[in-house]
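Only one structure is covered here, and it is reproduced in the block below.
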Amino acid sequence: MSFLTVMELLPLVGAALIATVGKEKVDAIKKMAFITTLLVAVAGIALALQFDRNNAGLQFVEKREWIPAFGINYAVGIDGIALVLILMSVILAPVVVLAGWNEAQGGRWSVKTFYILILVLETMMIGVFAATDVFLFYVFFEAMLVPVYFLIGGYGTGKRSQAAVKFLLYSLLGGLLMLASIIGIYVIAGSQVGRTFDIGALSTLQISSSTQNWLFLGFFIAFAIKAPLWPFHTWLPDAADSATPGTSVLLLGVLDKVGTFGMIRYCLTLFPEATKTFTPVILVLAVISIIYGAFLAIGQKDIKRLIAFTSISHFGFITLGIFAMTSQGHSGATLYMFNHGFSTAALFLVAGWMASRRGSSTISDFGGLQRVTPVMAWTFFIAGMSSLALPGLSSFVSEFLVLVGTYTRYPVAAIIATFGIVLAALYILIPVQKALHGPTTSGNENLPDLNLREKIAIAPVIAVIVALGFFPSPLLNIINPAAQATISALGFSDPTPTVGDK
30 MSFLTVMELL
40 PLVGAALIAT
50 VGKEKVDAIK
60 KMAFITTLLV
70 AVAGIALALQ
80 FDRNNAGLQF
90 VEKREWIPAF
100 GINYAVGIDG
110 IALVLILMSV
120 ILAPVVVLAG
130 WNEAQGGRWS
140 VKTFYILILV
150 LETMMIGVFA
160 ATDVFLFYVF
170 FEAMLVPVYF
180 LIGGYGTGKR
190 SQAAVKFLLY
200 SLLGGLLMLA
210 SIIGIYVIAG
220 SQVGRTFDIG
230 ALSTLQISSS
240 TQNWLFLGFF
250 IAFAIKAPLW
260 PFHTWLPDAA
270 DSATPGTSVL
280 LLGVLDKVGT
290 FGMIRYCLTL
300 FPEATKTFTP
310 VILVLAVISI
320 IYGAFLAIGQ
330 KDIKRLIAFT
340 SISHFGFITL
350 GIFAMTSQGH
360 SGATLYMFNH
370 GFSTAALFLV
380 AGWMASRRGS
390 STISDFGGLQ
400 RVTPVMAWTF
410 FIAGMSSLAL
420 PGLSSFVSEF
430 LVLVGTYTRY
440 PVAAIIATFG
450 IVLAALYILI
460 PVQKALHGPT
470 TSGNENLPDL
480 NLREKIAIAP
490 VIAVIVALGF
500 FPSPLLNIIN
510 PAAQATISAL
520 GFSDPTPTVG
530 DK
């Protein structure tokens, strides 16, 4: 059993142990969940330290027969792109548990069920990024829906049931389209390389252009819904608004990255000709997402919905980098995914703390928080500036690489996307001004600042945001070989130098 598989199973072991504890032992359950996620985070860091950053291929590979009659295997392995996303997932998991220590109380089900769902979801998150068997990937991709559905519907607020159902229906639609494409490529594989779902074998298939186009669309639409990319985004604002802050972090900080990761790993790898055919259309969708998401964010009065719409804009940038077909674009897009996970986590957690203290998430209900709750205000400010891509914070590097990488091949798309930066200044600075500065709004005078637990939870997130703003090379050196390999496999000559190499 590989180290990667052990790390993948650790959360399930923790969930099984929690299942043996009485639901009335709330403190013990919380501590067990936190310790489990902390151990997985340590294992993830150890995995990264063992990773050979000069190797563009898959590492920590394991392959075992699962359903041999259909050529289905338990097959896992990671390259640099998958590694950084797994690292992001396992670092954010203990942050979510600690930050949302009291989130589950008052939910439809017990605290015990809440943490079991979180740990099961963590296993799915690791598995979906590590899978190298397409059927195994699909199992993880669809299985993630179950814990997220119950986390939103059982522990959320407001119209949580409607939001959970909407999320589920959109995701199931995308999953069905992907399943149809998986069956199609499996049938083709049977006549060329035998029954297999191995991504390496499937990438060698000779598929006609028209067939590739249809198969590509099945995968791409599923990933565009998950990402979310305009016009497949409409499930997101309601889900983010109704979910608890911790669930929103997992939903927007981690799970939506499965969509953009899938575009790189499956759309580009399995259907190179279809990728080239659809690239102009996808670039248009990406640019629309950037501008559309930014405009909608500017008009929001609710802070959680504002953060959700900023993510639509950010995923436009990520998709733009992926389909720019340059190593800089791919490196920037992957780094953007990692950075967005942390900046969004900080924004949602602080917004959740603000709302729980004030009893409202309406931006106009806040004001003068910098005087009353300085630590919380500064934390929100740093996270907001990172979302704005301020130089010196993590998102600046990734956004810069995406735009430069796109400009070298598609200058018009890059120029239009640059306007998204101007709009970002509006959708971040306006709520920062209203909520943090100015006179203290009536009812905010006695709001408590972050407590010790909340400070400990948010500290590593802010540390990553600041550190990667000045030192992005450690991550870029992991990402670059995989990004170059992806571009080379598509048959593109990279017009730009590789970034981040020492």
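Per my numbering, residue 30 is the first one in the sequence shown, and the count goes up by one each step. In this text, a Cβ means the ideal position worked out from N, Cα and C, and glycines have one as well.
Cα separation between Ala464 and Val175?
Whole-angstrom Cα-Cα distance: 36 Å.
Helix, strand or coil at Tyr215 according to DSSP, with G and I counted as helix
For Tyr215, the three-state secondary structure derived from DSSP is helix.
Identify whether Glu23 lies in helix, strand or coil by the three-state DSSP scheme.
For the chain, the structure presents residues 30 to 531; residue 23 sits outside this window and is missing.
Excluding sequence positions up to five away, which residues of its chain have a Cβ less than 6 Å from the Cβ of Val119?
Cβ within range, chain order: Val69, Ala70 and Gly73.
With a threshold of 16 other CB atoms inside 10 Å of the CB of Asp569, please say whether the residue is buried or exposed.
A query on residue 569 cannot be resolved here, the shown segment of the chain reaching from 30 to 531 and no further.
Where does Lys52 land, buried or exposed, given buried means 16+ other C-beta within 10 angstroms?
Counting the other Cβ atoms within 10 Å of the Cβ of Lys52 gives fewer than 16, which makes it exposed.
How would you call Met30, buried or exposed, if buried means at least 16 neighbouring beta carbons within 10 angstroms?
Exposed, because fewer than 16 other Cβ atoms sit within 10 Å of the Cβ of Met30.
State the Cα-Cα distance for the pair Ala511 and Asp108, rounded to the nearest angstrom.
For Ala511 and Asp108, the distance between alpha carbons rounds to 6 Å.
Out of Ile155, Asp56, Val433 and Ile47, state which residue places its alpha-carbon closest to the alpha-carbon of Leu76.
Nearest of Ile155, Asp56, Val433 and Ile47 to Leu76, Cα basis: Ile155.
Phe196 to Phe338, Cα distance in whole Å?
So the two alpha carbons sit approximately 16 Å from each other.
Look up Asp285 in the DSSP assignment and say whether it is helix, strand or coil.
DSSP places Asp285 outside both helix and strand once states are collapsed to three, so it counts as coil.
Whole-number beta carbon distance between Ile507 and Phe80, since they are thought to touch under 8 Å:
Contact holds; Cβ gap of about 7 Å.
What first and last residue would you give for the beta strand (DSSP E) that runs through Val105?
Run containing Val105: Ile101 to Ile107, per the beta strand (DSSP E) assignment.
Applying the 10 Å Cβ sphere with the 16-neighbour rule, what's the burial state of Lys59?
With 16 or more Cβ atoms within 10 Å of its Cβ, Lys59 is classed as buried.
Which stretch, first to last residue, makes up the alpha helix (DSSP H) that contains Tyr439?
Secondary structure note for Tyr439: it is in no alpha helix (DSSP H), with a DSSP letter that is neither H nor E.
Where are the beta strand (DSSP E) runs, 3 residues long or more, that stay fully inside the stretch 396-428, in chain order?
Fully contained in the stretch 396-428 is no beta strand (DSSP E) run of length 3 or more.
Give a yes or no on whether the C-beta atoms belonging to Gly185 and Thr304 are separated by under 9 Å.
If you check the CB distance, Gly185 and Thr304 do not come in under 9 Å.
Tell me which residues share the same chain as Leu13 and place their Cβ nearer than 8 Å to its Cβ, disregarding the 5 neighbours each side in the sequence.
Look at the range of the chain in this structure, 30 to 531, and you will see that residue 13 is not part of it.
Ordered along the chain, which non-local residues of its own chain (more than five positions away) have a Cβ less than 6 Å from that of Ser238?
Excluding residues within five positions, the ones whose Cβ falls inside 6 Å are Glu302.
The stretch 423-434 / the stretch 470-486 touching (three or more Cβ pairs under 8 Å):
Not touching, per the Cβ criterion.
Quick check: Lys381 and Pro489, are their CB atoms within less than 9 Å of each other?
It is worth fixing the name first, because residue 381 is Gly in this sequence and not Lys. No, the pair does not count as a contact, with Cβ atoms beyond the cut-off.
Could you check whether Asn84 and Lys92 sit closer than 9 Å to each other, using their CB atoms as the reference points?
Lys92 is not a Cβ neighbour of Asn84, given a cutoff of 9 Å.
Candidates Gly291, Met117 and Ser220: closest to Gly203 by CA position:
With respect to the C-alpha of Gly203, the residue from Gly291, Met117 and Ser220 having the closest C-alpha is Gly291.
Pick helix, strand or coil for Phe80, following the three-state DSSP scheme.
Phe80: coil per DSSP, three-state reduction.
Taking one C-beta from the stretch 369-388 and one from the stretch 432-449 each time, how about it: are there three or more such pairs within less than 8 Å?
Flag = no, the stretch 369-388 and the stretch 432-449 do not touch.
Among all the DSSP beta bridges, which residues are the ones paired with Ala172?
For Ala172, which the question treats as bridged, DSSP gives no partner whatsoever.
With H, G and I counted as helix, E and B as strand and the rest as coil, what does DSSP make of Ala85?
Here Ala85 sits in coil by DSSP.
State the Cα-Cα distance for the pair Thr355 and Leu398, rounded to the nearest angstrom.
Roughly 43 Å separates the two Cα atoms.
Simplified DSSP state of Ala160, which is helix, strand or coil
Here DSSP, grouped into helix, strand and coil, assigns Ala160 to strand.
Three-state secondary structure (DSSP) of Thr13
Nothing can be reported for residue 13, as the shown portion of the chain is limited to 30 through 531.
Find the nearest neighbour of Leu46 within the set Leu314, Thr142 and Thr470, judged by alpha-carbon distance.
Nearest C-alpha to Leu46: Thr142.
Taking the straight line between their C-alpha atoms, what separation do you get for Gly413 and Leu299?
Whole-angstrom Cα-Cα distance: 37 Å.
Nonlocal neighbours in the same chain, by C-beta distance under 8 Å from Ala48, ignoring five residues either side
Excluding positions up to five away in sequence, the list reads Lys141 and Ile145.
Ile181 beta carbon less than 9 Å from that of Ala104
No.
Assigned secondary structure, Thr391 (DSSP; H/G/I helix, E/B strand, else coil):
Here DSSP, grouped into helix, strand and coil, assigns Thr391 to strand.
Residue nearest to Val433 in terms of C-alpha spacing, selected from Val451, Phe346 and Phe367:
For the residues Val451, Phe346 and Phe367, the minimum Cα distance to Val433 belongs to Phe346.
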